Every structure is written in C-alpha cells, then in structure tokens.
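In this text, residue positions in the sequence shown follow the UniProt record's numbering: the first is 1, and each later residue adds one.
By construction, the Cβ of each residue, glycine as well, lies at the ideal position given by its N, Cα and C atoms.
Here the structure is a predicted model, which is why all the values come from computation and not from measurement.
One structure is given below, encoded as structure tokens.
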Amino acid sequence: MKAAVVRQNPYGYADVVEKELRMIKPNESLLDMEYCGVCHTDLHVAAGDYGNKAGTVLGHEGIGIVKEIGSEVTSLKVGDRVSVAWFFEGCGHCEYCVSGNETFCREVKNAGYSVDGGMAEQAIVTADYAVKVPEGLDPIEASSITCAGVTTYKAIKVSGVKPRRLASHLWCRWTR
Numbered sequence: 001m002k003a004a005v006v007r008q009n010p011y012g013y014a015d016v017v018e019k020e021l022r023m024i025k026p027n028e029s030l031l032d033m034e035y036c037g038v039c040h041t042d043l044h045v046a047a048g049d050y051g052n053k054a055g056t057v058l059g060h061e062g063i064g065i066v067k068e069i070g071s072e073v074t075s076l077k078v079g080d081r082v083s084v085a086w087f088f089e090g091c092g093h094c095e096y097c098v099s100g101n102e103t104f105c106r107e108v109k110n111a112g113y114s115v116d117g118g119m120a121e122q123a124i125v126t127a128d129y130a131v132k133v134p135e136g137l138d139p140i141e142a143s144s145i146t147c148a149g150v151t152t153y154k155a156i157k158v159s160g161v162k163p164r165r166l167a168s169h170l171w172c173r174w175t176r
C-alpha cells in the first residue's frame, strides 16, 4: 500500500512509499482510508521535533471504512465508518485510564507518532478506540473532530460546566 512515512533523516519531510501492512491483532480492525487531514503535530513528527520517528506512517485525523475485524472485536463490524484519532490506545488499567484521564497513561500509543497513523491507503486501529462516523458527514469535516474536536470536548468535560450555566471562551493572540 502507499503511505506517507517519516524520512530516515526527517528534517520536516515525509515520503509517499510502498509499505507492507502488518497483520491485525485480535482487538484491532483494518480500515480502507477515505481521508486523512494534516495536523501541525504531523509536521513536528516529520521534522523530528519529538525524536526520530523514521518509517512511521503519519496522520491522526483520519476517516476510514472497516474492511476486516480481529477475532475479539465486538464494537465494530465490516463496513462501519470510523476514525483514526491521536489517542490510538491506552493500557486500560492504570490510575489514569480508570479515572477518565487516559491521555496521561504512561503506556499511551498515539497514531502517527508511536504507532502508524492514517495517512495511507489502509490503516489499523484498536477497535475499542475507533469512533463511528455518521455516513452523511463529509470526511474532510469529520477528520478534524478526531484532533481539535476531541481537545475541545475534553476541555469542556473536565471543566465541570453544566447545562444552563455560563461558560466563556478566552482567546489570546501573540503578535510581534
């Protein structure tokens, strides 16, 4: 399959190459990708800002159709439309995962960084972390929900704001 992977000596570059996809694990699903957006984090990964991630498939703003499911998957079925998000998988049992703070998991896996992401013809997701995407939603519009949308949702979730309560949005801009 074709995939956008980080170069051996990245310096901000990725190459579209032929890459062999590994077999899926029992808790994973294989997707035929529809679309994958580019996040600024992808640019940091490609630049080597977070260490050398050579060979890693970029992308965590992806939408794909389930082509195959692992033997233990019950949350998805072939034909489902799902996301490839930054949060690929947590351990599921540490203090952070069980308290709803899974983004702090010490064993977290992130798509397009510590595991291959969605900037490819096909991608693998941990089925229980793939979110179903409505059929009528344009993949370009849906893809940003997997990154910026989740960030916004998490901020509202942890803020404790309740219905019919006042909430404000503070916006700052740095200028020179």
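Inter-stretch contact at 8 Å, needing at least 3 Cβ pairs: the stretch 22 to 33 / the stretch 95 to 114: The stretch 22 to 33 and the stretch 95 to 114 do not touch, with fewer than 3 CB-CB distances between them shorter than 8 Å.
Relative to the C-alpha of GLY51, which residue among PHE87, PRO139, GLY12 and VAL38 is closest? For the purposes of this step, residue 51 is taken as residue 51 along the sequence shown, with counting starting at 1. Out of PHE87, PRO139, GLY12 and VAL38, GLY12 has the C-alpha closest to the C-alpha of GLY51.
Tell me whether ARG106 is buried or exposed, calling it buried when 16 or more other Cβ atoms sit within 10 Å of its Cβ. Counting from one through the sequence shown, the residue named residue 106 turns up at place 106. The residue is exposed, with fewer than 16 neighbouring Cβ atoms inside 10 Å.
Find out if the Cβ-Cβ distance for the pair GLY136, GLY64 is shorter than 8 Å. Here residue 136 refers to the residue found at position 136 of the sequence shown. Here residue 64 refers to the residue found at position 64 of the sequence shown. In this structure, GLY64 does not lie closer than 8 Å to GLY136 by Cβ.
Just verifying my parser: in three-state terms, what is the DSSP assignment at LYS109? Stepping through the sequence shown from its first residue, residue 109 is reached at position 109. Three-state DSSP puts LYS109 in a strand.
Looking only at C-alpha atoms, which of ASP42, VAL84 and PRO10 sits nearest to LEU31? The residue given as residue 31 occupies position 31 in the sequence shown. Considering only alpha carbons, the answer is VAL84.
Please state if the CB of GLY59 and the CB of ALA4 are separated by a distance shorter than 8 Å. Counting from 1 along the sequence shown, the entry for residue 4 is found at position 4. Counting from 1 along the sequence shown, the entry for residue 59 is found at position 59. By the CB criterion at 8 Å, ALA4 and GLY59 fall inside the cutoff.
For CYS97, which of helix, strand or coil comes out of DSSP? Within the sequence shown, residue 97 is the residue found at index 97, counting from 1. Here CYS97 sits in helix by DSSP.
What is the C-beta distance between LYS77 and VAL66, in whole angstroms, given that I count them as a contact (C-beta under 8 Å)? As a working note, residue 77 is residue 77 in the sequence shown. As a working note, residue 66 is residue 66 in the sequence shown. A Cβ-Cβ distance of about 7 Å is found for the pair LYS77 and VAL66, placing them in contact under the 8 Å criterion.
Would you tell me roughly how many angstroms separate the C-alpha atoms of VAL57 and ALA120, rounded to the nearest one? Here residue 57 refers to the residue found at position 57 when the sequence shown is read from its first residue. Here residue 120 refers to the residue found at position 120 when the sequence shown is read from its first residue. Approximately 7 Å between the Cα atoms of the pair.
Span separating the alpha-carbon of VAL17 from that of ARG7: Position 17 of the sequence shown, counting from 1, holds the residue named residue 17. Position 7 of the sequence shown, counting from 1, holds the residue named residue 7. Going by C-alpha positions, VAL17 is about 10 Å away from ARG7.
Which residue's Cα is closest to the Cα of ASP128: ASP42, GLY79, ILE140 and GLY92? Locating residue 128 in the sequence shown gives position 128, counting from the first residue. Checking every option, the nearest Cα to that of ASP128 belongs to GLY92.
Nearest-angstrom Cα distance between VAL131 and ASN9? Walking along the sequence shown from the start, residue 131 turns up at place 131. Walking along the sequence shown from the start, residue 9 turns up at place 9. So the alpha carbons of these two residues sit roughly 34 Å apart.
Answer with buried or exposed for ALA167, where buried requires no fewer than 16 other C-beta atoms within 10 angstroms of its C-beta. In the sequence shown, residue 167 corresponds to position 167, counting from 1. Exposed is the label assigned to ALA167, since fewer than 16 other Cβ atoms lie within 10 Å of its Cβ.
Residue nearest to GLY90 in terms of C-alpha spacing, selected from VAL125, ARG165 and ARG81: Position 90 of the sequence shown, counting from 1, holds the residue named residue 90. Distances from the alpha-carbon of GLY90 to those of VAL125, ARG165 and ARG81 put VAL125 closest.
Rounded to the nearest angstrom, what separates TYR153 and GLU34 at their Cα positions? Against the sequence shown, residue 153 aligns to sequence position 153. Against the sequence shown, residue 34 aligns to sequence position 34. About 24 Å.
CYS36 versus PHE87: straight-line alpha-carbon distance, rounded: Translated into positions along the sequence shown, residue 36 becomes position 36. Translated into positions along the sequence shown, residue 87 becomes position 87. Distance between the alpha carbons of CYS36 and PHE87 is about 15 Å.
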